[in-house]
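Residue numbers 153 to 400, in my numbering, belong to the letters of the sequence shown in order. Cβ atoms here follow ideal geometry from the backbone N, Cα and C, with glycine treated the same way. Only one structure is covered here, and it is reproduced in the block below.
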Amino acid sequence: KFVLKFPLHVLSSFIDSFQVVWKLGPRTETEVLEEYLKWRWGTMPTNLGACPTGAGSVAKMRLVLMAQGDSLEILRQFRLLPKSDANILSKELAITGCPGQHFTCDDLRESRGPALLVYYAPALMQKAGRQDPLGALRILAEVLRQARTLWPLNESDAEKTVLVRIDILKELEVADILEPATGVRFVLARNSLYDGQVKAASLAEVQEINAATSQLLNFNRASFPGFRPRRLSLLFLTSFLSFGTQPA
């Protein structure tokens, strides 16, 4: 009964994915994921052409899949990213978290870990990214950048994956993320060995940040094309009251 309540396109994708599930046995995790990404690329409503290859290819396929929207616009905005942001997304989204495994379509051959999994990244891309895909991509890049500062690459963590939760950002528009409430900043806090979460912090809390366990998210809003300060939305106030008062 639960499955029958799915929207038709979701149910169709669910059923079509069985062909990938049947191949789980003889293949590595990365081989299965790569085949799935390529299959989804070819079945998008918009004709995207041949699957990408080379640096950033896995990032492009994953971001298109996350956004579930205007795929061509996501790819166009990816090309417009500052080089530093494009490099972050290209690298971090292609690290497998499986020792000795690499995507054949991508140039990255990083053998260290941990991999970074941004929980609710698809929600960010589908909400904020629908109105401002470039802004959403840059926000995701900054989250990954600061997560890598807290969890540097090393050989001993090659098979580990860090879960980075962005609950507080997932329902916000880009402008609300760039311009939160007066006296409030977003911080990525390390909750445990392989778990972190973006939280709202007061300026007083920001001044006391321990760099070993927390990193300020610096979105550099002035560098976002077309950004204009605006009044704070009720949605942000609700999100802040829900998450911003939690202890770091």
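(request) Determine, using beta carbons only, whether L227 and V216 come nearer to each other than 9 Å. (result) As a working mapping, residue 227 is identified with position 75 in the sequence shown. As a working mapping, residue 216 is identified with position 64 in the sequence shown. Cβ distance < 9 Å, so L227 and V216 count as in contact.
(message) So, at 7 Å on beta carbons, what are the nonlocal neighbours of T365 in its own chain, with the 5 sequence-adjacent residues on each side left out?
(response) Taking the first residue of the sequence shown as position 1, residue 365 is located at position 213. These residues qualify, in order along the chain: A341 and R342.
(message) Quick check: what's the CA-CA separation for V339 versus R264?
(response) Along the sequence shown, read from residue 1 onward, the residue named residue 339 stands at position 187. Along the sequence shown, read from residue 1 onward, the residue named residue 264 stands at position 112. Just so you know, the alpha carbons of V339 and R264 end up roughly 25 Å apart.
(message) Whole angstroms are fine: how far does the CA of E311 sit from the CA of A280?
(response) Looking up residue 280 in the sequence shown gives position 128. Looking up residue 311 in the sequence shown gives position 159. In a straight line, the C-alpha of A280 is about 31 Å away from that of E311.
(request) May I ask you to list the residues that DSSP assigns as paired with V316? (result) Your numbering for residue 316 matches position 164 in the sequence shown. Partner(s): V270 and G348.
(request) Output the distance between the C-alpha atoms of P285 and N239, rounded to the nearest integer angstrom. (result) Numbered from 1 along the sequence shown, position 133 holds the residue referred to as residue 285. Numbered from 1 along the sequence shown, position 87 holds the residue referred to as residue 239. One alpha carbon belongs to P285, the other to N239, and they sit about 17 Å apart.
(request) Taking K212 as the reference, give the member of P197, P332 and K190 with the closest Cα. (result) Taking the first residue of the sequence shown as 1, we reach residue 212 at position 60. If we check each option's Cα against that of K212, K190 comes out closest.
(request) Using three-state DSSP, classify N306 as helix, strand or coil. (result) Indexing the sequence shown from 1 puts residue 306 at position 154. If DSSP states are grouped into helix, strand and coil, N306 belongs with the strands.
(message) Can you look up Q367 in the DSSP assignment and give me helix, strand or coil?
(response) Counting from one through the sequence shown, the residue named residue 367 turns up at place 215. Here Q367 sits in strand by DSSP.
(request) Please classify K351: is it buried, with 16 or more other beta-carbons within 10 angstroms of its beta-carbon, or exposed? (result) Position 199 of the sequence shown holds residue 351. Answer is buried; the Cβ neighbour count reaches 16.
(message) Going by beta-carbon coordinates alone, are F313 and A356 separated by less than 9 Å?
(response) For the purposes of this step, residue 313 is taken as the residue at position 161 of the sequence shown. For the purposes of this step, residue 356 is taken as the residue at position 204 of the sequence shown. With the sequence shown as reference, residue 313 is identified as Thr, and Phe is not the correct amino acid for it. Contact: no.
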